[in-house]
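Here's the structure we're looking at; comments come further down.
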Amino acid sequence: MDIHIISIFPEMFDAITKHGVIARAVKQGVVSLRLYNPRDFASDRHSTVDDRPYGGGPGMVMMPDVMAAVLKSALGNAKNDPHVVYLTPQGRRFDYDSAIKFAESSSSQSLVMIAGRYEGIDERFIEHYVDSEWSVGDFVLSGGELPAMIMVDAITRLLPDSLGNSQSAEQDSFVDGILDCPHYTRPEQFEGESVPAVLLSGDHRAIERWRVKQALGRTWQRRPDLLNAKQLNAEQLQLLEEFKSETGEQ
Ligand code: 9D3
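Take any residue in the sequence shown, count from 1 to its spot, add 257: that is its number in my numbering.
Written as structure tokens, this is what we have:
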């Protein structure tokens, strides 16, 4: 998948291109990332990319002509049928299902992601060039760079051959619509607490049952919205009831 990212702070993306899963995916050719700085496409000698808002008020607005110029450069490098994404607080909320859809379309579609700064981009540019608008949550950030990195990370790890261990993607929280179970490693005693005995038992069926029970129980405690969206089968309902009576909660 080729991803083209437009940002006035391209160095911020070193955070994902130089470390971890995405760096590995880039090295293996699973994904390619290219950055484009709107400043390089400004027409004045100060490389201005923003201007004061018509109608007055605080803040600055990214100029449509500069953004069109940088976008055309990115589109010129896109391999196939580019989809233009704009990261904005006004966008649709990005989640695991959206990440799957982007990953599934990755073989036939290039992605162009535009990270805004200031108050955002002139609306005429958005109407003309943007295919979809995305937010990563209901909190105010300083720009679209971190959201763009969040989306690239979530999508890249779903691409075929991206993770060294393809099993860990399948075992992800949310894959089954519920939270993960707790995890333990050595030492067996830590600050007076021992590891749950079942995990030391060697009884793999009992361990799997305990893990599913904990996952369901934690989802019930912490994210009841996820459980309500999911139809539990008879065994899952039984495990959740066991969790409730074992923890003394209802
Ligand atoms: C403080 C400025 N706000 C007007 C009163 C509007 C505003 C403009 C630009 C708020 C945030 C931003 C910068 N944020 C993003 O570009 C952004 C974002 C976010 O802030 N939260 C969640 N998802 C996203 S995607 C892009």
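The beta carbon of each residue, even a glycine, is placed where N, CA and C say it ideally should be.
Neighbourhood of residue i by C-beta, 7 Å cutoff - its chain only, sequence neighbours within 5 removed
i	result
residue 337	365, 366 and 367
residue 306	265, 295, 296, 299, 319, 320 and 323
residue 424	Reliability fails at residue 424, whose pLDDT of 48 lies under 50, so the model's placement of it is uncertain and the value that follows must be treated cautiously. Cβ neighbours of residue 424 beyond the five flanking positions: none.
residue 445	451 and 452
residue 308	317, 318 and 320
residue 438	468, 471 and 472
residue 480	436
residue 348	390, 391 and 392
residue 332	339 and 369
residue 335	259, 261, 367 and 369
residue 304	296
N-terminal and C-terminal residue of the beta strand (DSSP E) that residue i is part of
i	result
residue 348	340-350
residue 369	368-372
residue 261	259-263
residue 365	That residue, residue 365, is in no beta strand (DSSP E); it is neither H nor E in DSSP.
residue 290	289-293
Contact check, residue i vs residue j, beta carbons under 8 Å
i	j	result
residue 373	residue 353	no
residue 410	residue 340	no
residue 435	residue 472	yes
residue 269	residue 363	no
residue 406	residue 391	no
residue 370	residue 273	no
residue 290	residue 283	yes
residue 286	residue 345	no
residue 327	residue 263	yes
residue 416	residue 278	no
residue 380	residue 316	no
residue 507	residue 501	yes
residue 404	residue 393	yes
Three-state class that DSSP yields for residue i in the structure shown
i	result
residue 424	Reliability fails at residue 424, whose pLDDT of 48 lies under 50, so the model's placement of it is uncertain and the value that follows must be treated cautiously. Note: residue 424 maps to helix in three-state DSSP.
residue 308	strand
residue 452	coil
residue 397	coil
residue 432	coil
residue 447	strand
residue 505	coil
Close beta carbons around residue i, own chain, < 8 Å, minus the five adjacent residues each side
i	result
residue 525	Outside the shown range of the chain, which is 258 to 507, sits residue 525, and nothing can be said about it.
residue 313	none
residue 463	455
residue 458	464
residue 487	434 and 435
residue 441	452, 453 and 456
residue 499	470
residue 310	316, 317, 318 and 376
Start-to-end residues for the alpha helix (DSSP H) that takes in residue i
i	result
residue 300	Run containing residue 300: none; DSSP gives neither H nor E here.
residue 376	Here residue 376 belongs to no alpha helix (DSSP H), and DSSP marks it neither H nor E.
residue 389	Segment 389-392 is the beta strand (DSSP E) holding residue 389; no alpha helix (DSSP H) there.
residue 322	321-334
residue 406	402-413
residue 443	It is not in any alpha helix (DSSP H) - residue 443 carries neither H nor E in the DSSP assignment.
residue 271	271-274
residue 286	It is not in any alpha helix (DSSP H) - residue 286 carries neither H nor E in the DSSP assignment.
Own chain, CB closer than 6 Å to residue i, minus 5 neighbours either side, in chain order
i	result
residue 496	469, 470 and 473
residue 359	412
residue 418	287
residue 484	476 and 477
Check: residue i C-beta below 7 Å from any heavy atom of the ligand FMN
i	result
residue 450	Looking for the ligand FMN in the displayed structure turns up nothing; the ligands present are the ligand 9D3.
Task: Inside the stretch 467-502 only - alpha helix (DSSP H) runs reaching at least 4 residues - done: 481-485
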